[in-house]
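Colleague:
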Amino acid sequence: MNRFVLTSTLKAKAQREAKKNIAEWSKSQRMVNQFTGASTLKKNHFRDAERKFKASSGISDLRKAEYLISALYDIYISYFMMKNNRFTDTKVSELLKRIKTSYFNTVLNYIEQNIYQPGYSEKIYLELKQALQVLSEENRQLANGYKKILVQYNNRESFLVKTENILQIPPIEFTSSFSDKIAALWRRNESVLKKNNSFMKEVQDKISDKMNLIFEYFWDELQEELNKTSPHLEKAVASAEKILNIHKPLKLIVNCKYYTRLKEMTDKYADYKKFLDIKYPEFLKLYQYLQIPKNKEPLKQIYDAFTELEETKELWANNFYEFSRLDPGPGIIFKFLDDKLYNTHKSEIISYYKHYNKILSEPDIALKLKEMIRYSEHLQNKMIKVLQNPFLASKLKELIGSITEDVRKTVYTYLEDKLKYSNSYEEKIGFYDEAVASFIALKSLDDVENVQKQKQKFIHNELSFAPENINEDFEDETETIKIENIPTKLIILDNYTLKNYIIFSGYQIEMGRSEDNDIILQCPWISQKHAN
Numbered sequence: 027m028n029r030f031v032l033t034s035t036l037k038a039k040a041q042r043e044a045k046k047n048i049a050e051w052s053k054s055q056r057m058v059n060q061f062t063g064a065s066t067l068k069k070n071h072f073r074d075a076e077r078k079f080k081a082s083s084g085i086s087d088l089r090k091a092e093y094l095i096s097a098l099y100d101i102y103i104s105y106f107m108m109k110n111n112r113f114t115d116t117k118v119s120e121l122l123k124r125i126k127t128s129y130f131n132t133v134l135n136y137i138e139q140n141i142y143q144p145g146y147s148e149k150i151y152l153e154l155k156q157a158l159q160v161l162s163e164e165n166r167q168l169a170n171g172y173k174k175i176l177v178q179y180n181n182r183e184s185f186l187v188k189t190e191n192i193l194q195i196p197p198i199e200f201t202s203s204f205s206d207k208i209a210a211l212w213r214r215n216e217s218v219l220k221k222n223n224s225f226m227k228e229v230q231d232k233i234s235d236k237m238n239l240i241f242e243y244f245w246d247e248l249q250e251e252l253n254k255t256s257p258h259l260e261k262a263v264a265s266a267e268k269i270l271n272i273h274k275p276l277k278l279i280v281n282c283k284y285y286t287r288l289k290e291m292t293d294k295y296a297d298y299k300k301f302l303d304i305k306y307p308e309f310l311k312l313y314q315y316l317q318i319p320k321n322k323e324p325l326k327q328i329y330d331a332f333t334e335l336e337e338t339k340e341l342w343a344n345n346f347y348e349f350s351r352l353d354p355g356p357g358i359i360f361k362f363l364d365d366k367l368y369n370t371h372k373s374e375i376i377s378y379y380k381h382y383n384k385i386l387s388e389p390d391i392a393l394k395l396k397e398m399i400r401y402s403e404h405l406q407n408k409m410i411k412v413l414q415n416p417f418l419a420s421k422l423k424e425l426i427g428s429i430t431e432d433v434r435k436t437v438y439t440y441l442e443d444k445l446k447y448s449n450s451y452e453e454k455i456g457f458y459d460e461a462v463a464s465f466i467a468l469k470s471l472d473d474v475e476n477v478q479k480q481k482q483k484f485i486h487n488e489l490s491f492a493p494e495n496i497n498e499d500f501e502d503e504t505e506t507i508k509i510e511n512i513p514t515k516l517i518i519l520d521n522y523t524l525k526n527y528i529i530f531s532g533y534q535i536e537m538g539r540s541e542d543n544d545i546i547l548q549c550p551w552i553s554q555k556h557a558n
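So, in structure tokens, the structure goes:
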């Protein structure tokens, strides 16, 4: 049933009814009967229209529209019968005008109350379409503006329904083609979405929830494979890529918190596959070639292969099934090349370790430390010169690492022993300085900072004017006075830390310059002699 009827339709229907009534009364032989009957019928329709118009006041728009539509029909019949009698009744024209105005206002009021409501039903949508058709008879420009809003709603609802239907598909059946469909729907309705941020956010949340659900499903599948003793790389890659392919068309619409982690994982798996498909066959070919004894071996190829295997150790040192079935495995090839190169540089490497062992046998710890640091610097310079020989450089790097760790342990042990058996303030400061110098030569910044902090703490505790001793010292040496209103202060410069100790009397501590790295102390008194 139409809730709203075009006035032109009502007018045409009423005109036909009026002609029919006039034709029936015209059959009468007497003119007076024709005139009286038509006039009575006109008045009856007029009274019906007037009664219905009055009854329409104070009720809802839809019921009011029903009364007004019926009233319009009656007043139009009365109007056309009046025209047939060739005289004008101003009451009919005035009532017709009033009913039409009320009807259009009712239609407009219904449109304004409902067209901006979010998520209206199909029934209201159809009623709004009817109402807009009625309004266009009176004000086409205004109706066209409302029609655009209605079209946007229709597109929005259609987009939402189609999107939700796709999102209902179970994760196991969801493929990237469904993501492509959602992305296409989004692009076609982007202008509508941008005009309604709350609706766009609602749809984004629905899509995001679905993507997270899909991720969790396939992530569990992926983890189940990876937790196996010997997981299959191909299956792991397939699961990870499936999730990425599903999310890829939607990455500009929603943010997936798992996307970055998955992307890193698939990139790493791509490196695994590249090693298996490209690199390993090259290493295997070299390995098989070196099995046959030769007068001159291709050292450069051995160096390059050894270096690349060492750099990619994180890739091939895994438990994937595809790697475990390689024969020989990358680890065996690496060990084989390592042995080859070790035999080539055996005498040189042994000589480095022999010299280091000789240094370690030195009984004088101070002298041993100096020699260890000097030898470490020598090996570092040597390593720079042999960088083109990655095997030898790696062996030197290992030895330098061992020396560095030995020096660290020796310095800390030496410092602890010296501090324990020394009672001289100057000697202890000297021991700290020696330890700092050793770590500077070793280029170990963390250890330099650590020893410096220990030294500062020692100075802070040992100074005669340390905060915990200062009150007692001044009480013994000076006559004290009470300071009540004057912000008296005393400044002491620490020659070792180069910090000012600022002592304020009373409760004036807030006046200290802590931002200047000064140490601020509070004291209830200050001698008049030292007051500043």
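Numbering (this note's numbering), first residue to last: 27 to 558. Ideal Cβ placement from N, Cα and C applies to all residues, glycine included.
(1) Excluding five sequence neighbours on each side, which residues of the same chain lie with their C-beta closer than 8 Å to the C-beta of residue 258?
(2) Can you list, in chain order, the residues of its chain whose CB lies under 8 Å from that of residue 233, leaving out five sequence neighbours each side?
(3) Run through DSSP, which three-state label would residue 353 get?
(4) Would you tell me roughly how many angstroms separate the C-alpha atoms of residue 505 and residue 388, rounded to the nearest one?
(5) Looking at the structure shown, is residue 425 part of a helix, part of a strand, or coil, going by DSSP?
(6) Since residue 121 and residue 75 are thought to touch, with beta carbons under 8 Å apart, how far apart are those beta carbons, to the nearest angstrom?
(7) DSSP three-state label for residue 375, please.
(8) Do residue 245 and residue 301 count as a contact pair if the criterion is CB distance below 8 Å?
(9) Could you tell me which of 356, 366 and 432 sits nearest to residue 385, measuring between CA atoms?
(10) Can residue 47 and residue 108 be called in contact, C-beta distance under 8 Å?
(11) Taking its Cβ as the centre, do 16 or more other Cβ atoms sit within 10 Å of residue 29, making it buried, or is it exposed?
(12) DSSP three-state label for residue 460, please.
(13) Can you find the residues in the same chain that come closer than 8 Å, C-beta to C-beta, to residue 55, ignoring five residues on each side of it along the sequence?
(14) So, are the CB atoms of residue 306 and residue 352 less than 8 Å apart?
(15) Residue 470 to residue 265, Cα distance in whole Å?
(16) Evaluate residue 44 with the Cβ neighbour count: other Cβ atoms within 10 Å of its Cβ, from every protein chain shown; 16 or more gives buried, anything less gives exposed.
(17) Check this for me: beta carbons of residue 465 and residue 437, under 8 Å apart or not?
(18) What do you get for residue 87, buried or exposed, if any count of 16 or more other CB atoms within 10 angstroms of its CB means buried?
(19) Answer yes if the region 80-99 comes into contact with the region 124-142, meaning at least three C-beta pairs across the two stretches below 8 Å, and no otherwise.
(20) Nearest CA to the CA of residue 478: which residue from 448, 159 and 441?
(21) Exposed or buried, residue 273, counting other C-beta atoms within 10 Å across all chains shown (16 or more means buried)?
(22) Between 460, 484 and 485, which has its C-alpha nearest residue 473's C-alpha?
(23) Taking the alpha carbon of residue 483 as the point to measure from, which residue in 467, 454 and 191 has its own alpha carbon closest?
Modeller: So, to answer that:
(1) 251, 346, 347 and 348
(2) 189, 193, 208, 276, 279 and 280
(3) coil
(4) Any reading at residue 505 needs caution, since the residue's pLDDT is 40, under 50, leaving its predicted position unreliable; the model's value is listed next. If I take the Cα positions, the gap works out to 59 Å.
(5) In this structure, DSSP gives residue 425 a helical state, which the three-state scheme calls helix.
(6) 6 Å
(7) helix
(8) no
(9) 432
(10) Taking the C-beta atoms as reference points, residue 108 is found no nearer than 8 Å to residue 47.
(11) buried
(12) helix
(13) Unreliable placement is indicated for residue 55, whose pLDDT of 41 sits below 50; the coordinate value is still reported in the next sentence. Non-local beta-carbon contacts of residue 55 in its own chain, meaning distances under 8 Å to residues more than five positions away in sequence, are absent.
(14) yes
(15) 46 Å
(16) It counts as buried.
(17) yes
(18) The residue in question, residue 87, is buried, as its Cβ has 16 or more Cβ neighbours within 10 Å.
(19) As far as the Cβ criterion goes, the region 124-142 touches the region 80-99, which means the pair count is three or higher.
(20) Taking each of 448, 159 and 441 in turn and checking the Cα distance to residue 478, the smallest one comes out for 441.
(21) Buried: at least 16 other Cβ atoms inside 10 Å.
(22) Checking every option, the nearest Cα to that of residue 473 belongs to 460.
(23) 454
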